[in-house]
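Below is one structure; the comments refer to it alone.
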Amino acid sequence: MKIQTLYVCIEEKKVQEQRGTVVAMGQSKPSAAAAILLCLAQAAIAGVMQARAQPDSNGFISIDCGFPGTTSYVDDTTTLPYAPDAAFTDAGENYNISAAYVTPRLGRRLHDVRSFLHGARNCYTLGSLTAGEKYLLRANFMYGNYDGLNRPPVFDLYVGVNFWTTVNISGPDAAASREAIVVVPHNFVQVCLINTGSGTPFISGLDLRPLKSSLYPQVNATQGLVMLYRNNIGQTDGTIVRYPDDPHDRIWLPWFDATIWDVVSTTQRVQNYEKDLFEAPSKVMQTAITPRNASKNIKFFWNSSMIQAKGQSSSSGCILITHYSELKLLASSDVREFYIDLNGELWSDAHIRPTYLYSDATYSTEPLRGYTRYSVSINATANSTLPPIINAVEIFSVISTTNVGTDSQDVSAMMAIKAEYQVKKNWMGDPCVAETYAWDGLTCTYAAISSPPRITGVNMSFSGLNGDVSSTFAKLKAVQFMDLSHNNLTGSIPDVLSQLPSLTVLNLTGNQLSGSIPPGLLKKIQDGSLNLIYADNPNLCTNNGDSCPTAKGKSKLAIYIAVPVALAVMIVLLFCLLMLKRRGSVNKPAKPGHLPTCDEHRHSSLQLENRRFTYKDLAMITNNFQRVIGRGGFGYVFEGFLEDDTQVAVKLRSQSSNQGAKEFLTEAQILTRVHHKNLVSMIGYCKDGEYMALVYEYMSEGTLQEHIAGKHLTWRQRLRIALESAQGLEYLHMGCNPPLIHRDVKTTNILLNEKLDAKVADFGLSRAFNHDISAHVSTNTLVGTPGYVDPEYQATMQPSTKSDVYSFGVVLLELITGKLPIMHNPQPTTVIQWTRQHLARGDIEGVLDARMRGNHDVNSVWKATEIALQCTAQASAKRPTMTDVVAQLQECLALEEGHAEDATESLYNGDPSFSDNAHVADQSVDISQRSNGFEIGAGPATR
Numbered sequence: 001m002k003i004q005t006l007y008v009c010i011e012e013k014k015v016q017e018q019r020g021t022v023v024a025m026g027q028s029k030p031s032a033a034a035a036i037l038l039c040l041a042q043a044a045i046a047g048v049m050q051a052r053a054q055p056d057s058n059g060f061i062s063i064d065c066g067f068p069g070t071t072s073y074v075d076d077t078t079t080l081p082y083a084p085d086a087a088f089t090d091a092g093e094n095y096n097i098s099a100a101y102v103t104p105r106l107g108r109r110l111h112d113v114r115s116f117l118h119g120a121r122n123c124y125t126l127g128s129l130t131a132g133e134k135y136l137l138r139a140n141f142m143y144g145n146y147d148g149l150n151r152p153p154v155f156d157l158y159v160g161v162n163f164w165t166t167v168n169i170s171g172p173d174a175a176a177s178r179e180a181i182v183v184v185p186h187n188f189v190q191v192c193l194i195n196t197g198s199g200t201p202f203i204s205g206l207d208l209r210p211l212k213s214s215l216y217p218q219v220n221a222t223q224g225l226v227m228l229y230r231n232n233i234g235q236t237d238g239t240i241v242r243y244p245d246d247p248h249d250r251i252w253l254p255w256f257d258a259t260i261w262d263v264v265s266t267t268q269r270v271q272n273y274e275k276d277l278f279e280a281p282s283k284v285m286q287t288a289i290t291p292r293n294a295s296k297n298i299k300f301f302w303n304s305s306m307i308q309a310k311g312q313s314s315s316s317g318c319i320l321i322t323h324y325s326e327l328k329l330l331a332s333s334d335v336r337e338f339y340i341d342l343n344g345e346l347w348s349d350a351h352i353r354p355t356y357l358y359s360d361a362t363y364s365t366e367p368l369r370g371y372t373r374y375s376v377s378i379n380a381t382a383n384s385t386l387p388p389i390i391n392a393v394e395i396f397s398v399i400s401t402t403n404v405g406t407d408s409q410d411v412s413a414m415m416a417i418k419a420e421y422q423v424k425k426n427w428m429g430d431p432c433v434a435e436t437y438a439w440d441g442l443t444c445t446y447a448a449i450s451s452p453p454r455i456t457g458v459n460m461s462f463s464g465l466n467g468d469v470s471s472t473f474a475k476l477k478a479v480q481f482m483d484l485s486h487n488n489l490t491g492s493i494p495d496v497l498s499q500l501p502s503l504t505v506l507n508l509t510g511n512q513l514s515g516s517i518p519p520g521l522l523k524k525i526q527d528g529s530l531n532l533i534y535a536d537n538p539n540l541c542t543n544n545g546d547s548c549p550t551a552k553g554k555s556k557l558a559i560y561i562a563v564p565v566a567l568a569v570m571i572v573l574l575f576c577l578l579m580l581k582r583r584g585s586v587n588k589p590a591k592p593g594h595l596p597t598c599d600e601h602r603h604s605s606l607q608l609e610n611r612r613f614t615y616k617d618l619a620m621i622t623n624n625f626q627r628v629i630g631r632g633g634f635g636y637v638f639e640g641f642l643e644d645d646t647q648v649a650v651k652l653r654s655q656s657s658n659q660g661a662k663e664f665l666t667e668a669q670i671l672t673r674v675h676h677k678n679l680v681s682m683i684g685y686c687k688d689g690e691y692m693a694l695v696y697e698y699m700s701e702g703t704l705q706e707h708i709a710g711k712h713l714t715w716r717q718r719l720r721i722a723l724e725s726a727q728g729l730e731y732l733h734m735g736c737n738p739p740l741i742h743r744d745v746k747t748t749n750i751l752l753n754e755k756l757d758a759k760v761a762d763f764g765l766s767r768a769f770n771h772d773i774s775a776h777v778s779t780n781t782l783v784g785t786p787g788y789v790d791p792e793y794q795a796t797m798q799p800s801t802k803s804d805v806y807s808f809g810v811v812l813l814e815l816i817t818g819k820l821p822i823m824h825n826p827q828p829t830t831v832i833q834w835t836r837q838h839l840a841r842g843d844i845e846g847v848l849d850a851r852m853r854g855n856h857d858v859n860s861v862w863k864a865t866e867i868a869l870q871c872t873a874q875a876s877a878k879r880p881t882m883t884d885v886v887a888q889l890q891e892c893l894a895l896e897e898g899h900a901e902d903a904t905e906s907l908y909n910g911d912p913s914f915s916d917n918a919h920v921a922d923q924s925v926d927i928s929q930r931s932n933g934f935e936i937g938a939g940p941a942t943r
């Protein structure tokens, strides 16, 4: 245990105790006089709604949380301006505490609160700081039954990405204060309230005070102090000392017991030494106590339970600081000398002789640990003619600040972007840390514990962005892919984006950009290091046609625009090719059961066991193509009947289809080798001249999309459909050799029969996937349907089985919510973002499709929703496999079926006339044989 005695003073803080018990901080009554409005700070770091206000002339930031409006007021006791909190956070709602708890002694700041009902993490951002310097942070809380629930909450408080304390308010009439001293790693700091499931977090006030770097040497980049007690000992009139008497605005609470102590005091100034480590204010040091019985010592104690009551771990360790000053001019024969014991052992190595009218302090340099009770005894030495003395005491617990936040430049850039576009997402706290609270749409790379995470991907598609493409994006130096598609961005593409060294994909689809591709980006496109996707920007490239390279060049520019001329040329070429093939096949009719070799289409030969139909056969079985039952990219789907009256579906390729022989052969090949009860079966095919068709089993209930949009499905039916669809995809991934990636999983490609059995269809875009060669399938063309496409695949052009998992997650969210993948009302967003926003508020019933019939097991709804969000994680590595998904959906269905059985027994009391007509899925798969790759919460009971 290391102890030093120095001529030193003290710093600033707040809550204290009375006779060893905690006393909540009070505040003097301020005036209603208007004051200076704190200005918005550093647009490069904060959002418009989360802008940081400038510190005042002292460097102080003082916030009245929950105070309405934009006008500050001045506290008539401290003369400090207190600002409303709207400039520091863009979340939460303002409330007044109940009038029953408003008393004359209650400070004005405690009359109102800001409450954070929505979101797991909500933060205040305080800016215009100096990175690497020490700051005192103080948060105040007065519940006052503001919500009418009479249930004070329990929640956690964080400084940046490091735990500060747990806030546990004892009752509606109790105020609490939490204070920390930390080194701030950036030019801003964030104070975050974390919802731990025990009530809604709230806050009454928040202060920041700068400290000299020499003060509180126990505080460094990896360790902070949390104040437990700070007492002005010997103050008899109950006065609380703070600013301006303490220039650092620490709060010193009075502590005196007239039954055992005598007061020693002076009106003269008590000075600090030049290199004082604590700078205790003169007002505090002008009073002291001595034991009433001169032969006695001074004793005080605190328990580890008191530490826990302050929201700290009893194992974190304590820092003790005791302050002394001799307040009497002693005679030459007088000696005041003492030493300090802690739990019966000598704490200080040297005897202490306080200096007249100068502050001294004895303090621990390392945390005190391992005691249930900490007992301090200040004892006179044998040489002393006077009893011991003490003027003030501070006790802190130690917190670790070793957690490293996101790279500071990345943070500054993202906060500036949030400000510029007034992003409405729940972007709170550090963008990447902790991973649980990472900002929606960002992909982060976590290299090592000691290294800050970097932002490598930005997906702000469908985010309602307006205005120019911000040049601030160019500050994200580690970003590899950036998706700004489907917004309302205008102006030109900034060339500064070419300075991003790692950028490989830039998606600007669906905006209103104009001008031409800037030279820097054009060079990266031409040297093959960048894929630029800019479809549906009508005015882009009109100024300089040379800056829009075509596919013939070296560019990897991906232009997904339907060009009528090019399409017409393709159709003509395809027609000519088919006519040549038809002529070559005259007098050479293909044998039944054999498809022409795929050499003609640069494919390997394809042997089909399925029946081969002629175009005349198709016309006959469809009654001359009378009834259309569907339409897709391949062409129309017609109803048909075979000779034995078996009903079939005939998908006939349209002459104008953008899918040709390649897709036809792909689907035919796949359907001859896949056989699963949850995949649509192919009965036959047609390759008759220019006519191409596939004949499927008939699915009488059409597509899943039709049922979600207009037909009633119970929650049980939806779960079963999801499970069966997942089983079909699992077979493609695990049961085929090599595995198959569907690449176009969506609700229109999931078909239902008369029993509502679900089967996955449309394999024209599928690709084989070899685990032994690569984790991805390289392609040159992005395929899929907007809203369902894996953002990682979109960024890298390399689909994987996890791409199907992502698309399935969107399908599952459609089943749960009844919403489309992309929504435009009231503003553009995706069903993923919409769901995450609702779940952040714990609003599972708000997520569930309101048209769903009957009751449901809410735990199965929670579980299914969390599965869907796992599937749609930005990074594919964080997504489950389809095998994992199947196992989890089986558990969801089991929960719902158990709920339905309980409801049946309860409501119908075993009435045999009642039955559930919903078809029960085949549960023959052995769940115990599946590997469960991820954990899902059990539902609201865990929240």
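As numbered in the UniProt record's numbering, residues 1 to 943 make up the sequence shown, in order. Heads up, the beta-carbon is just placed ideally off N, CA and C, and yes, glycines get one too. None of these values were measured; they are calculated from a predicted model.
Buried versus exposed, by CB contacts within 10 Å (16 or more), residue i
{"i": "T550", "result": "Note that T550 scores 41 on pLDDT, short of 50, meaning its location in the model is unreliable; the coordinates nonetheless yield the value given after this. With fewer than 16 Cβ atoms within 10 Å of its Cβ, T550 is classed as exposed."}
{"i": "S206", "result": "In the sequence on display, residue 206 carries Leu and not Ser. Counting Cβ neighbours within 10 Å, L206 comes out buried, since at least 16 surround it."}
{"i": "D857", "result": "buried"}
{"i": "A120", "result": "buried"}
{"i": "residue 996", "result": "Within the shown structure, residues of the chain are numbered from 1 to 943, placing residue 996 beyond reach of any answer."}
{"i": "P254", "result": "buried"}
DSSP-derived helix/strand/coil call for residue i
{"i": "residue 945", "result": "One cannot answer for residue 945 here, as it falls past the ends of the chain, which runs 1 to 943."}
{"i": "C192", "result": "strand"}
{"i": "T703", "result": "strand"}
{"i": "F202", "result": "strand"}
{"i": "A649", "result": "strand"}
{"i": "T714", "result": "coil"}
{"i": "A894", "result": "helix"}
{"i": "N94", "result": "strand"}
{"i": "C123", "result": "strand"}
{"i": "M142", "result": "strand"}
{"i": "T509", "result": "coil"}
{"i": "D744", "result": "coil"}
{"i": "S313", "result": "coil"}
{"i": "Q308", "result": "helix"}
{"i": "P791", "result": "helix"}
Bridge partner(s) assigned by DSSP for residue i
{"i": "Y82", "result": "Y73"}
{"i": "W302", "result": "Y374"}
{"i": "Y691", "result": "D688"}
{"i": "Y216", "result": "DSSP output for Y216 lists no bridge partner at all."}
{"i": "D341", "result": "L346 and S377"}
{"i": "L839", "result": "None; L839 has no bridge partner."}
{"i": "P210", "result": "Y135"}
{"i": "D112", "result": "N96"}
{"i": "E179", "result": "R138"}
{"i": "N539", "result": "S514"}
{"i": "I822", "result": "T830"}
{"i": "D64", "result": "P84 and G205"}
Cβ distance (whole Å) where residue i is taken to contact residue j below 8 Å
{"i": "Q814", "j": "T747", "result": "Looking at the sequence shown, residue 814 is not Gln but Glu. With a Cβ gap of about 6 Å, E814 and T747 count as contacting."}
{"i": "F92", "j": "R114", "result": "It should be noted that the sequence gives Gly, not Phe, for residue 92. Confirmed, Cβ separation roughly 4 Å."}
{"i": "L532", "j": "L506", "result": "5 Å"}
{"i": "V886", "j": "Q727", "result": "6 Å"}
{"i": "I203", "j": "A139", "result": "6 Å"}
{"i": "S325", "j": "N391", "result": "5 Å"}
Q: List in chain order: all unbroken beta strand (DSSP E) runs of 3+ residues lying wholly within the region 420 to 493.
A: 442 to 445, 454 to 459, 481 to 483 and 488 to 491
Q) What are the start and end residues of each continuous alpha helix (DSSP H) run of 4 or more residues lying completely inside the region 243 to 283, in chain order? A) none
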